[in-house]
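Line by line, the protein sequences are chains D and C. Numbering-wise, the first sequence is residues 1 to 308 according to this note's numbering. Numbering-wise, the second sequence is residues 309 to 416 according to this note's numbering.
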Amino acid sequence: MNSVDYDLVIIGGGPAGLTAGLYAARAKLNVIMIEKVVPGGQILVSDWIENYPGFPEGLSGSDLVFKMTEQTKKFGLNIENGEVISLDLENRVKKVILSDKTIKTHAIIIATGASPRKLGVPGEDIFYGKGVSFCATCDGPFFKDSVIAAVGGGDTAIQESIFLTKFAKKVYLIHRRDKLRATKILQERLFANDKIEVIWDSVVTEIKGGLTNVDKVVIKNLRSGKTDDLKVDGCFIWVGINPNTEFLKDVVKLDQQGFVIADSSMQTSVPGVFVAGDVRNTPLRQVATAVGDAAIASFSAEHYIENI
Amino acid sequence: MAENIVKIDDDSFDVEVLQSDKPVMVDFWAPWCGPRKAIGPVVDELATTYSDKIKFTKCNVDDNPVSPGKFNVRAIPTLIFFKDGKVVEQITGMVAKQKLEEAINKVT
Numbered sequence: 001m002n003s004v005d006y007d008l009v010i011i012g013g014g015p016a017g018l019t020a021g022l023y024a025a026r027a028k029l030n031v032i033m034i035e036k037v038v039p040g041g042q043i044l045v046s047d048w049i050e051n052y053p054g055f056p057e058g059l060s061g062s063d064l065v066f067k068m069t070e071q072t073k074k075f076g077l078n079i080e081n082g083e084v085i086s087l088d089l090e091n092r093v094k095k096v097i098l099s100d101k102t103i104k105t106h107a108i109i110i111a112t113g114a115s116p117r118k119l120g121v122p123g124e125d126i127f128y129g130k131g132v133s134f135c136a137t138c139d140g141p142f143f144k145d146s147v148i149a150a151v152g153g154g155d156t157a158i159q160e161s162i163f164l165t166k167f168a169k170k171v172y173l174i175h176r177r178d179k180l181r182a183t184k185i186l187q188e189r190l191f192a193n194d195k196i197e198v199i200w201d202s203v204v205t206e207i208k209g210g211l212t213n214v215d216k217v218v219i220k221n222l223r224s225g226k227t228d229d230l231k232v233d234g235c236f237i238w239v240g241i242n243p244n245t246e247f248l249k250d251v252v253k254l255d256q257q258g259f260v261i262a263d264s265s266m267q268t269s270v271p272g273v274f275v276a277g278d279v280r281n282t283p284l285r286q287v288a289t290a291v292g293d294a295a296i297a298s299f300s301a302e303h304y305i306e307n308i
Numbered sequence: 309m310a311e312n313i314v315k316i317d318d319d320s321f322d323v324e325v326l327q328s329d330k331p332v333m334v335d336f337w338a339p340w341c342g343p344r345k346a347i348g349p350v351v352d353e354l355a356t357t358y359s360d361k362i363k364f365t366k367c368n369v370d371d372n373p374v375s376p377g378k379f380n381v382r383a384i385p386t387l388i389f390f391k392d393g394k395v396v397e398q399i400t401g402m403v404a405k406q407k408l409e410e411a412i413n414k415v416t
């Protein structure tokens, strides 16, 4: 057997990475998890999770990942802080290239997740942290008695808009279509909330403000083509996600949007390289699906390593 | 929390931050913010490593609305690096430790 630093390298420390790490550590694999910032991932910004089984009272995203991290530590998972720049999968022994070193391994689980998609409109970047936000939990309380524009129509947009009404006096939910994608129970809560007004068939084309704060968004109605200014103090954006796969281009097979394609064992187009969670080409992206993917990916990786 | 992080408030902000001889990092935090909770240990580590070069402080935005207002802080976590009473760098959101180290090097 060629010499390696680890049997398995898990890239990413959200719910998928942590679950893969838990299973691999319990299987006594020589494993390391590499996380760019701190364990948690996107779910850290979720103020409330009530569809992850086992927590009937619900809990915050940060509390859930802290519990997951604690559980992996109980089984001795080695977690390292670092950013993976690229993968060299030319040979049986694979190389994970970080900014400061290269790790040799037999198997890899990609669990790098996704990032909130931007609108790509003027003002979005310059007002980030100054009224433009992707996180209601973090930034909502700064908008007491304010008027907020929220953009999107999926579960996250609805759930977070409802959360914002704890602080804001008014939330305009701007959605490009005439109906919402979000789960029915969330839609019912949205329509029952008298602080929220939905602006249908519309998109935000620009975010404007003074030197340091947002004061309006420009809204375009897609049916009439008409453009209007809407006076707001902040703009929260939840229009989907982009996969964190820049480092994987030309290395494993990706779909058109850049998500990783895998078979039912979570193996990618390269033997010994597996994938789990939001970064995978999958019809649903939840904590529950991420941990399910990860358990399979870890099991498959273990099997692969045993048969080398 | 690391011992070498000074807790500051609206009353002590001017003295502790703006009139400090050493460069200062202010961590605007709030107990309700998940991402801030997550990067807490990273800030603690930096405070242990770099406390001779830079003063580490934290300001609870719930109890102290004036200071974050002055610097237009509308997001948590926000870390602001001050030198001679002026803002040198402002970092919003969750970032890697390396990026915070770069900011520390810039201000010291």
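All C-beta atoms in this analysis are idealised placements derived from N, C-alpha and C, irrespective of residue type, glycine included.
| Query | Result |
| --- | --- |
| Sequence-distant residues of its chain with Cβ nearer than 8 angstroms to R189 of chain D (five each side left out) | I158 and I162 |
| 7 angstroms Cβ shell around L89 of chain D - same chain, five flanking residues per side excluded | V251, V270 and V273 |
| Span separating the alpha-carbon of G154 of chain D from that of I308 of chain D | 43 angstroms |
| Boundaries of the alpha helix (DSSP H) in which Y23 of chain D is found, first to last residue | P15 to R26 |
| Helix, strand or coil at I399 of chain C [DSSP, three-state] | strand |
| Nearest candidate by alpha-carbon position, reference P141 of chain D, set C:V369, C:V323 and C:P331 | C:V369 |
| Close-in-space but distant-in-sequence residues of the same chain around A297 of chain D (CB under 7 angstroms, 5 per side omitted) | A20, I109, M266, F274, V275 and A276 |
| Start-to-end residues for the beta strand (DSSP E) that takes in P243 of chain D | I241 to P243 |
| Neighbourhood of P343 of chain C by C-beta distance below 8 angstroms, restricted to the same chain and skipping five residues each side | I384, P385, G401 and M402 |
| T324 of chain D versus C138 of chain D - alpha carbon distance | Beyond the ends of chain D as shown, which are 1 and 308, falls residue 324 of chain D; an answer cannot be given. |
| Coil, strand or helix - S202 of chain D by DSSP | strand |
| Unbroken alpha helix (DSSP H) run spanning S108 of chain D, endpoints | The identity of residue 108 of chain D in the sequence shown is Ile, whereas the question assumes Ser. Taken as a continuous stretch (DSSP letters only), I108 of chain D belongs to no alpha helix (DSSP H), being part of the beta strand (DSSP E) at T102 to I110. |
| Proximity test, Cβ basis, 8 angstroms: E246 of chain D and chain C | no |
| Among C:D352, C:Q398, C:T416 and C:W340, the one whose alpha carbon lies nearest that of V314 of chain C | C:D352 |
| Proximity test, Cβ basis, 8 angstroms: A411 of chain C and chain D | no |
| Endpoints, beta strand (DSSP E) assigned at T227 of chain D | T227 to K231 |
| Cutoff 8 angstroms: D278 of chain D Cβ touching any chain C Cβ | no |
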